[in-house]
Amino acid sequence: MLFKNLREQIDATLARDPAARSRLEVVLCYPGFHALLYHRFAHWLWQRGWLLAGRFVSHLGRVLTGIEIHPGARIGKRVFIDHGMGVVIGETAEVGDDVTLYQGVTLGGTSLTRGAKRHPTIGNGVIVSSGAQVLGPFRVGDGARIGAQAVVLSEVQDGATMVGIPARPVGRRSDPTTEPAFQPYAVCGDIPDPIARALNGLLDEVTSLKARIAELEQERAVQEPALDPASGEQRSLRLVASSGGNGTDSD
Numbered sequence: 001m002l003f004k005n006l007r008e009q010i011d012a013t014l015a016r017d018p019a020a021r022s023r024l025e026v027v028l029c030y031p032g033f034h035a036l037l038y039h040r041f042a043h044w045l046w047q048r049g050w051l052l053a054g055r056f057v058s059h060l061g062r063v064l065t066g067i068e069i070h071p072g073a074r075i076g077k078r079v080f081i082d083h084g085m086g087v088v089i090g091e092t093a094e095v096g097d098d099v100t101l102y103q104g105v106t107l108g109g110t111s112l113t114r115g116a117k118r119h120p121t122i123g124n125g126v127i128v129s130s131g132a133q134v135l136g137p138f139r140v141g142d143g144a145r146i147g148a149q150a151v152v153l154s155e156v157q158d159g160a161t162m163v164g165i166p167a168r169p170v171g172r173r174s175d176p177t178t179e180p181a182f183q184p185y186a187v188c189g190d191i192p193d194p195i196a197r198a199l200n201g202l203l204d205e206v207t208s209l210k211a212r213i214a215e216l217e218q219e220r221a222v223q224e225p226a227l228d229p230a231s232g233e234q235r236s237l238r239l240v241a242s243s244g245g246n247g248t249d250s251d
């Protein structure tokens, strides 16, 4: 079973990184693979109550790989940590099968309560891009995509794509139950820009308001026609007559 899991781990790396040319290269040169080996051993110690030994092995793995995985974290099969430097996975985090994490990812906690669930649960087939922060005891659904530098603070639905700070959904696969094609760095060509979408909405609103103002001005022009010169002279004569015709001429 151990060797089968190792082979699956190596094959997952080969499948998701075109720069990997052989299994031997993965074993010797991939810090993400090394970090997961250290974690498997550290987690084994942690589960058997050898907490200090588990923390020491975890710390050793961090020093050698730049990837920090708490020995209490639960990591699934075929997980791929690409590049890996700066990845942090907290004590109560759970990572499903076929997950991909890029450099700088944090699966962190937002609570100081000991013994409580403080870190996220990552579903199967999730891709978390570089620098993303997933913070809190919630679930990221199967097949979700977390964009680079996103800060996720609440639950993510299956198949959703999240971007921004705080992260917002900008798309979702129509059928999240099907196996999606692997997308490096969670990059999708059809992701809309939420800021551009908001600005376009404001411009549409301004255009609508301008059209309404023009309509109101036209209605007012119809209701209050301009005074022509003839009617103005007649009004002046009426004013003179009403004053008794006592106007005087000045030289």
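First residue of the sequence shown? That's 1 in my numbering, and the numbers climb one at a time after it. We treat Cβ as the ideally placed atom computed from N, Cα and C, and that holds for glycine. Quick caveat, the model's predicted, so the values are computed rather than measured.
If you count every other CB in all the chains shown that lies within 10 Å of the CB of residue i, and 16 or more means buried, which is it?
i	result
residue 145	buried
residue 227	Note on residue 227: pLDDT 48, under 50, position unreliable in the model; the coordinate value appears next. Looking at its Cβ environment, which holds fewer than 16 other Cβ atoms inside 10 Å, residue 227 is exposed.
residue 21	exposed
residue 206	exposed
residue 54	buried
residue 49	exposed
residue 223	exposed
residue 35	buried
residue 204	exposed
residue 61	buried
residue 202	exposed
residue 101	buried
residue 195	exposed
residue 213	exposed
I'd like the list of long-range same chain contacts for residue i, defined as Cβ closer than 7 Å, with 5 residues on each side in sequence excluded.
i	result
residue 17	82
residue 93	73, 107, 119 and 120
Between the Cα of residue i and the Cα atoms of the options, which residue gives the shortest distance?
i	options	result
residue 106	129, 53, 56 and 31	129
residue 152	142, 100 and 137	137
residue 158	201, 166 and 140	140
residue 155	147, 169 and 149	169
residue 167	135, 197 and 143	135
residue 68	52, 51, 31 and 9	31
residue 64	210, 196 and 37	37
residue 27	104, 7 and 39	7
residue 103	122, 142, 148 and 115	148
residue 39	200, 25, 57 and 213	57
residue 142	99, 131, 115 and 111	99
residue 131	115, 87 and 216	87
Excluding the 5 residues flanking residue i on each side, which residues of the same chain have their C-beta closer than 8 Å to its C-beta?
i	result
residue 97	76, 77, 78, 79, 124 and 125
residue 113	none
residue 162	144, 145, 146, 147, 150, 152, 156, 168, 169 and 170
DSSP puts residue i in a beta bridge; with which residues?
i	result
residue 80	100
residue 121	94 and 139
residue 133	106 and 151
residue 68	88
residue 169	162
residue 213	DSSP lists no partner for residue 213.
residue 146	128 and 162
residue 75	95
residue 156	140
If I measure Cβ to Cβ from residue i and keep anything under 6 Å in the same chain, skipping five residues before and after, which residues do I get?
i	result
residue 133	106 and 151
residue 12	78 and 80
residue 117	92 and 137
residue 172	159 and 160
residue 111	118
Do residue i and residue j have their C-beta atoms within less than 9 Å of each other?
i	j	result
residue 46	residue 72	yes
residue 89	residue 119	yes
residue 59	residue 91	no
residue 66	residue 85	yes
residue 41	residue 10	no
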